[in-house]
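> Here the sequence shown is numbered in my numbering, starting from 19 and rising by one per residue. Beta carbons are placed, not taken as given, at the ideal position from N, Cα and C, and that holds for glycine. Note that the structure is predicted; figures quoted are calculated from it, not measured.
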Amino acid sequence: MTQHISPYHAPDFYRDALAKGRHRDIVGGRWEETGRIQMQLLHDAGLQPQHHFLDIGAGSLRLGCKAVPYLDPGHYWATDLSGALMRQGHATELEDPARLSPDHLIEDADFSFPGLPDTITHALAFAVFTHLPMNHLRRALTQIHARFPALQCLLLTVFLAPDAQSALKPVKQPDGVVTHDTRAPYHMLAEDMAHLIRTTGFTGAAQSQRLPRGQILYQLARA
Numbered sequence: 019m020t021q022h023i024s025p026y027h028a029p030d031f032y033r034d035a036l037a038k039g040r041h042r043d044i045v046g047g048r049w050e051e052t053g054r055i056q057m058q059l060l061h062d063a064g065l066q067p068q069h070h071f072l073d074i075g076a077g078s079l080r081l082g083c084k085a086v087p088y089l090d091p092g093h094y095w096a097t098d099l100s101g102a103l104m105r106q107g108h109a110t111e112l113e114d115p116a117r118l119s120p121d122h123l124i125e126d127a128d129f130s131f132p133g134l135p136d137t138i139t140h141a142l143a144f145a146v147f148t149h150l151p152m153n154h155l156r157r158a159l160t161q162i163h164a165r166f167p168a169l170q171c172l173l174l175t176v177f178l179a180p181d182a183q184s185a186l187k188p189v190k191q192p193d194g195v196v197t198h199d200t201r202a203p204y205h206m207l208a209e210d211m212a213h214l215i216r217t218t219g220f221t222g223a224a225q226s227q228r229l230p231r232g233q234i235l236y237q238l239a240r241a
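#1: In this structure, what does DSSP give as the bridge partners for Glu-125?
#2: Under 8 Å, with one C-beta from each stretch per pair, do the region 53-62 and the region 75-84 reach the 3-pair mark?
#3: Would a C-beta distance cut-off of 8 Å place Ala-63 and Gln-183 closer than the cut-off?
#4: So, His-163 versus Gly-219, is the Cβ gap smaller than 8 Å?
#5: Using the three-state DSSP reduction, which class does Phe-166 fall into: helix, strand or coil?
#6: Quick one: using the 10 Å Cβ neighbour count with 16 as the cut-off for buried, is Val-86 buried or exposed?
#7: Under three-state DSSP, which class holds Thr-197?
#8: Using the rule of at least 16 other Cβ atoms within 10 Å of the residue's Cβ for burial, across every protein chain shown, is Met-19 buried or exposed?
#9: Where does Gln-225 fall in DSSP's three states?
#10: For the alpha helix (DSSP H) holding Ile-44, just list the boundary residues, first then last.
#11: Relative to the C-alpha of Tyr-26, which residue among Thr-197, His-149, Val-176 and Val-195 is closest?
#12: Do Phe-129 and Val-176 have their C-beta atoms closer together than 8 Å?
#13: Less than 8 Å between the beta carbons of Arg-165 and Phe-131, yes or no?
#14: With DSSP collapsed to three states, give me the class of Met-19.
#15: Just mark Val-189 as buried or exposed, buried being the case when its beta carbon has 16 or more other beta carbons within 10 Å.
#16: For Leu-235 and Ala-224, I'd like the C-alpha separation in whole angstroms.
#17: Just list the residues that DSSP pairs Tyr-74 with in beta bridges.
#18: Using the DSSP secondary-structure output, state which residues sit across from Ala-239 in a beta bridge.
Shown next as structure tokens:
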């Protein structure tokens, strides 16, 4: 059986899930709880309505349905591997769909951020790099630094393993999720993160918040 880099990359994954009405389930469940947590993280990081926000890996707009009413019109942008998943969220999860132009939902398979403005000031990638090999994070950080000169704050989550030897084996995270080094969900080392942050032009560190499934939050800024 072919092993895909994540379940989301399996053929017809999105088509089958959307046909079954599972647009909430496939973004990890805990819809209301996680959406509230995401929004609180942004408030804590200083997001204001006038800022320009990018929701990386937005899925079916679990965060978007809360961020769009909070931000000034036109200030929310979203990217995801599946444009269809974002459009389903737009159609079913927004209290006022007219407040968000579908043009602000950008399908992006490789973190190229096509069509996005350079005015982005804040960005969040929640439970995105937990499901991708580490080189995807390196690419994303490099692209984000190059594409968004106005960026003030980038929040992202990862799973960590305690040391290199432990990382070779499955690691049970504090919330019970088991992570791996070569298949999703992925873990990495804190030293890996420090290296990626420094070499891609950022500064920042892990935060103390406990997040769903044992994810670790990093708050970064341009160096």
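Working from what's here:
#1: Asp-98
#2: As far as the Cβ criterion goes, the region 53-62 touches the region 75-84, which means the pair count is three or higher.
#3: no
#4: A contact, by the Cβ cut-off of 8 Å.
#5: coil
#6: buried
#7: DSSP places Thr-197 in the strand class (E or B) of the three-state scheme.
#8: With a pLDDT of 42 at Met-19, under the threshold of 50, the modelled position of that residue is not reliable, and the figure given next carries that caveat. Under this definition Met-19 is an exposed residue.
#9: coil
#10: No alpha helix (DSSP H) holds Ile-44; DSSP gives it neither H nor E.
#11: His-149
#12: no
#13: Result yes, Cβ atoms of Arg-165 and Phe-131 sit closer than 8 Å.
#14: Model confidence at Met-19 stands at a pLDDT of 42, short of 50, so the residue's coordinates are unreliable; what they give is reported in the following sentence. Of the three classes helix, strand and coil, the one that applies to Met-19 here is coil, per DSSP.
#15: It is buried - the Cβ of Val-189 has at least 16 other Cβ atoms within 10 Å.
#16: 6 Å
#17: The residue asked about is misnamed: residue 74 is Ile in this sequence, not Tyr. Paired residue(s): Thr-97 and Ala-143.
#18: Per DSSP, Thr-221.
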